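To keep things clear, I will list the structure first and then write my remarks on it.
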Amino acid sequence: MAAEDSMLEDLLGDFENELNAKALERKGKHAISSARVAGIVYTDAVSSGVPADLAQEMAAEFWSSVMDIPYAVVEESSGTAAEDSAD
Numbered sequence: 002m003a004a005e006d007s008m009l010e011d012l013l014g015d016f017e018n019e020l021n022a023k024a025l026e027r028k029g030k031h032a033i034s035s036a037r038v039a040g041i042v043y044t045d046a047v048s049s050g051v052p053a054d055l056a057q058e059m060a061a062e063f064w065s066s067v068m069d070i071p072y073a074v075v076e077e078s079s080g081t082a083a084e085d086s087a088d
């Protein structure tokens with residue numbers, strides 16, 4: 002019985018590793034696609050006359066919302082960071 006349990010644990014461990022690798026690959030592809038679109042948001046905004054600073058904030062907000070990652074905007078005059086959430 003112990004040998005069967007060990008074999009089952011090895012099989013499940015291999016299956017878990019395979020699933021984790023596939024999940025990581027999906028996340029990587031999602032991050033790359035999101036970065037490309039954020040770049041398009043930035044370049045299209047700038048080419049449409051939006052000031053570069055605002056276009057950069059637009060791209061950062063897009064990236065933050067798609068990746069579900071909060072980001073910080075640093076105010077140059079005060080040197081403090083204000084955290085913005087992607088709701």
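To convert, count from 1 in the sequence shown and add 1; that's our numbering. The beta carbon of each residue, even a glycine, is placed where N, CA and C say it ideally should be. Quick caveat, the model's predicted, so the values are computed rather than measured.
- Using a Cβ-Cβ distance cut-off of 8 angstroms, the segment 33–46 and the segment 56–67 are in contact, since at least three pairs of beta carbons, one from each stretch, lie closer than that value.
- Taking Ala56 as the centre and dropping the five residues before and after it, the same chain places the C-beta of Tyr43, Ala46, Val47 closer than 6 angstroms to its C-beta, in chain order.
- Ala60 places its beta carbon less than 7 angstroms from that of Ala39.
- In this model, Glu5 and Glu58 are separated by some 57 angstroms (Cα to Cα).
- Rounded to whole angstroms, the separation of the alpha carbons of Glu17 and Ala24 is 10 angstroms.
- In this model, Glu19 and Met8 are separated by some 17 angstroms (Cα to Cα).
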